[in-house]
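Peer 1: Numbering (our numbering), first residue to last: 1 to 567. Built from N, CA and C at the ideal position, the CB exists for glycine as well. Supplied in structure tokens, the structure appears directly below.
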Amino acid sequence: MLNNSVRKIIKPISLLGFVGISTWLVIISLSGTVNEKTQSYIISSADYPLLKEKVLALNAEPSHELAIINAVAVDLTQHQLSQLQKSIDVNVTQNHKVELSGGKAWGKRKWQPKSVVNDLIDATSAHATRNFGDGVTIGFLDTGLDQLQGTSTGLGLSTDLYGRDKFWGTYDAINNAISNYSNEESGHGTHVASIAGNADYDVYGKVYGVAPNASLVGIKAFDAEGKATYADVIRGIDWALQIKDQINLRVLNMSFSGPARSYYWEDPLNQAVMKAWQAGIVVVASAGNNGPDPMTIGVPGNVPYIITVGAMTDNYTESDATDNKLASFSAAGPTVEGFVKPEIVAPGGHLSGLMAFDTQIVQEHPEFHDGGRYFEMSGTSQAAGVVSGVVALMLSQEPTLTPDEVKCRLMDSAHAAFDNNSELAYSVFQQGSGMVNAADALTSTASACANQALDIAQDLEGNEHFFGPANINNDGNFYVEGLGDEYVWRLDDSNLDGDTIIWRMNFAKNALDWRNTASTDTIIWRMNVETDTIIWRMNLESDTIIWRMSVANSTTDINVNNWVEQQ
Numbered sequence: 001m002l003n004n005s006v007r008k009i010i011k012p013i014s015l016l017g018f019v020g021i022s023t024w025l026v027i028i029s030l031s032g033t034v035n036e037k038t039q040s041y042i043i044s045s046a047d048y049p050l051l052k053e054k055v056l057a058l059n060a061e062p063s064h065e066l067a068i069i070n071a072v073a074v075d076l077t078q079h080q081l082s083q084l085q086k087s088i089d090v091n092v093t094q095n096h097k098v099e100l101s102g103g104k105a106w107g108k109r110k111w112q113p114k115s116v117v118n119d120l121i122d123a124t125s126a127h128a129t130r131n132f133g134d135g136v137t138i139g140f141l142d143t144g145l146d147q148l149q150g151t152s153t154g155l156g157l158s159t160d161l162y163g164r165d166k167f168w169g170t171y172d173a174i175n176n177a178i179s180n181y182s183n184e185e186s187g188h189g190t191h192v193a194s195i196a197g198n199a200d201y202d203v204y205g206k207v208y209g210v211a212p213n214a215s216l217v218g219i220k221a222f223d224a225e226g227k228a229t230y231a232d233v234i235r236g237i238d239w240a241l242q243i244k245d246q247i248n249l250r251v252l253n254m255s256f257s258g259p260a261r262s263y264y265w266e267d268p269l270n271q272a273v274m275k276a277w278q279a280g281i282v283v284v285a286s287a288g289n290n291g292p293d294p295m296t297i298g299v300p301g302n303v304p305y306i307i308t309v310g311a312m313t314d315n316y317t318e319s320d321a322t323d324n325k326l327a328s329f330s331a332a333g334p335t336v337e338g339f340v341k342p343e344i345v346a347p348g349g350h351l352s353g354l355m356a357f358d359t360q361i362v363q364e365h366p367e368f369h370d371g372g373r374y375f376e377m378s379g380t381s382q383a384a385g386v387v388s389g390v391v392a393l394m395l396s397q398e399p400t401l402t403p404d405e406v407k408c409r410l411m412d413s414a415h416a417a418f419d420n421n422s423e424l425a426y427s428v429f430q431q432g433s434g435m436v437n438a439a440d441a442l443t444s445t446a447s448a449c450a451n452q453a454l455d456i457a458q459d460l461e462g463n464e465h466f467f468g469p470a471n472i473n474n475d476g477n478f479y480v481e482g483l484g485d486e487y488v489w490r491l492d493d494s495n496l497d498g499d500t501i502i503w504r505m506n507f508a509k510n511a512l513d514w515r516n517t518a519s520t521d522t523i524i525w526r527m528n529v530e531t532d533t534i535i536w537r538m539n540l541e542s543d544t545i546i547w548r549m550s551v552a553n554s555t556t557d558i559n560v561n562n563w564v565e566q567q
């Protein structure tokens, strides 16, 4: 069993040029006149009421009150910001942008597409026992959620398999409004939600959604182009926490990604995500579509506590599992802090989901719409939707599971990809514990195998922060402490053919065997620590730590990554 050590950092510090951002923050965007420009900031303070009072005293009106992280988002001039900083102890960060983690939809046009996902992840066995995710609500923090009313096809988002209403409506975090019906301009949010919870059947009588009876709620923070600001996303998370007990919102799907601009604990969006996890919501995030290079996991997928999902594809042969492979666009770890990400992978190649014909994505790529209500699309967004559906099945069967327990069982039951030589076909930084398997997740009794060395309360208080077991050797190759030389993943792909190679072990040429290793001692990676001994001791201020140096430029937007090559 791997002893996966976690490094602990005491108190917030400034490392390798990162600006330390403590518990409370504010956001800013460019606007205003030529002579006196304003910028959108997220500003936080330990004294939240006083912060709001000081901001109003500057004749500035906050655009967002982000109580979840004791912050406001507000447009200020540099002079106003300077005055505020003199009057109260605050932490300031820009109101960055994020984007969805969808995908390029270069694929095959399909009329009345087959339902294939449930067979790929073995969810059909759960359905055979009448577990359809009843009683659990999944929230989709995305571009909105269209019920596609007025047609027989598309009602699977409004009603469950028994004809009962299951749609809670949509909270518009951009305009701070609630509606029973969402006019979704993009199509991305509806597509992802339908993969998780569509109660429609295909022509062969197979249900599309992984959890077709799960209730759905939309949280709209992204526009028609799949772009959002930190402030809107954080406000959406705050709303989810306020409403969770009323509608039993147990799962929050985040199919978007932004560049890591700091350590995970300094990022205000990540702080809100951690608050959601701490409050009992299982957060499922997409890894992002910036693969195949290492260290491409974005925000919020870089949060060590949550479940981060990469994408695999059935290679257009759903009945033959031996040629399944990792999608080349799927982002890979390790994170800047040395954590292994993603935890698991799920189907994310050329998945069919609901999408109205007049949405922006369909207008830009009509060749992948079936002319009715279904659209074919690839991305880690779609993979995250699959896992959110599996989590709903798990919580429907055992409602008392905590987020840490759900994560543990998902990892314990995942099927890792091995080649014909019984070696890992992909590194743990690409596939984590392997491909999600619903049947094994539902029968797993694993416990205390996720986040055991972490303390989310101390992390959020700013008292302790953590680093993972990933490292880089003198040759520039990544490895995980305790796994041995056979688990070193080289950045050199000279020994493999083709442009689709990620690292040395990626895209095995031989038939693959996706198998569960939970019953043996060969579990490739798990987030538990069996000893207090810290194996990895590094000088954190040393400039020789190469793998910490690739933090994205702060000007990069955050979007839904809603177009990658179909696979």
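1. Let me confirm a value: ALA57 is counted as buried when at least 16 other C-beta atoms fall within 10 Å, else exposed. Which label applies?
2. So, using beta-carbon positions, are SER444 and ASP412 closer together than 7 Å?
3. Helix, strand or coil: which one does DSSP assign to LYS166?
4. Give every residue of the same chain whose Cβ lies closer than 6 Å to the Cβ of GLU318, excluding the five residues on either side of it in the sequence, and list them in chain order.
5. Suppose you measure from the CA of PHE467 to the CA of LEU148; what does that come to, to the nearest Å?
6. Quick check on the burial criterion: 16 or more other C-beta atoms within 10 angstroms. Buried or exposed for GLY205?
7. With distances taken from CA atoms, which of SER215, ILE121, VAL391, TYR305 is nearest SER158?
8. Just how far apart, CA to CA, sit HIS350 and THR313?
9. Residue ranges of each alpha helix (DSSP H) run of no fewer than 4 residues wholly in the stretch 382–445, ordered along the chain?
10. Helix, strand or coil: how does DSSP classify LYS227 here?
11. Out of GLY189, LEU410, ILE121, state which residue places its alpha-carbon closest to the alpha-carbon of LEU354.
12. Could you please give the first and the last residue of the uninterrupted beta strand (DSSP E) stretch that includes TYR263?
13. Near TYR171, what residues of its chain come up, given a Cβ to Cβ distance below 6 Å and the 5 sequence neighbours on each side ignored?
14. Is ILE281 near the ligand ATP - that is, is its Cβ less than 6 Å away from at least one heavy atom of it?
15. For ILE281, which option in LYS244, ASN289, VAL98, ALA71 has the closest C-alpha, if you only look at C-alpha atoms?
16. To test your reading of the DSSP string, which unbroken beta strand (DSSP E) runs of 3 or more residues are found completely within the stretch 259–308?
17. I'd like to check one pair, PHE140 with ASN569: are the Cβ atoms closer than 7 Å?
18. Please report the residue range of the beta strand (DSSP E) in which ALA73 lies.
19. For GLU464, report the span of its beta strand (DSSP E) as first-last.
20. If you compare alpha carbons, which of ARG515, ALA383, THR93, ILE68 is closest to ALA272?
21. Anyone know if the C-beta pair for HIS191 and MET394 falls short of 7 Å?
22. Specify, as a first and last residue, the run of the alpha helix (DSSP H) that TYR48 falls within.
23. Short of 7 Å in beta carbon distance, which residues of its chain neighbour SER396, apart from the five on each side in sequence? Order them along the chain.
24. At what residues does the alpha helix (DSSP H) containing HIS191 begin and finish?
25. For chain C, is any of its Cβ atoms less than 7 Å away from the one on PHE418?
26. If distances are taken between C-alpha atoms only, which option among ILE88, VAL406, VAL428, ASN95 comes closest to ALA438?
27. Alpha helix (DSSP H) containing GLN458: first to last residue?
28. Could you have a look at GLN39 and say whether DSSP puts it in helix, strand or coil?
29. Assuming SER82 and THR359 form a contact by the criterion Cβ under 8 Å, report the distance between their Cβ atoms to the nearest whole angstrom.
30. How many Å lie between ILE546 and VAL217 at the Cα?
31. Look at the alpha carbon of SER286 and the alpha carbon of ALA260, and state the distance between them as a whole number of angstroms.
32. Whose CA, out of ILE344, PRO403, ALA356, GLY348, lies closest to the CA of VAL436?
33. Whole angstroms is fine: what's the gap from ILE456's alpha carbon to TYR305's?
34. Using the three-state DSSP reduction, which class does ILE243 fall into: helix, strand or coil?
35. Measuring alpha carbon to alpha carbon, tell me which residue in PHE222, SER352, GLY288 is nearest ALA331.
36. Nearest to SER194 by CA position, among VAL386, GLY310, ALA346, ALA311, is which residue?
Peer 2: If we stick to the structure as given:
1. exposed
2. yes
3. coil
4. VAL116
5. 45 Å
6. exposed
7. SER215
8. 8 Å
9. 403–413, 428–431, 438–443
10. strand
11. GLY189
12. Run containing TYR263: none; DSSP gives neither H nor E here.
13. ILE178, ILE219, TRP239
14. Annotation note on the ligand ATP: not contained in the displayed structure, which lists no ligands.
15. LYS244
16. 282–286
17. Missing from the structure shown is residue 569; the chain here goes from 1 to 567 and no further.
18. 71–77
19. 464–467
20. ILE68
21. no
22. 48–57
23. ASN131, GLY133, ASP134, GLY135, VAL136
24. 188–197
25. Included in the structure is just one protein chain, with no chain C present.
26. VAL406
27. 456–461
28. strand
29. About 44 Å; that fails the 8 Å criterion.
30. In this prediction, ILE546 scores a pLDDT of 29, lower than 50, which makes its location untrustworthy; the coordinate-derived value is nonetheless stated afterwards. Computed Cα separation, rounded: 42 Å.
31. 14 Å
32. ILE344
33. 8 Å
34. helix
35. GLY288
36. VAL386
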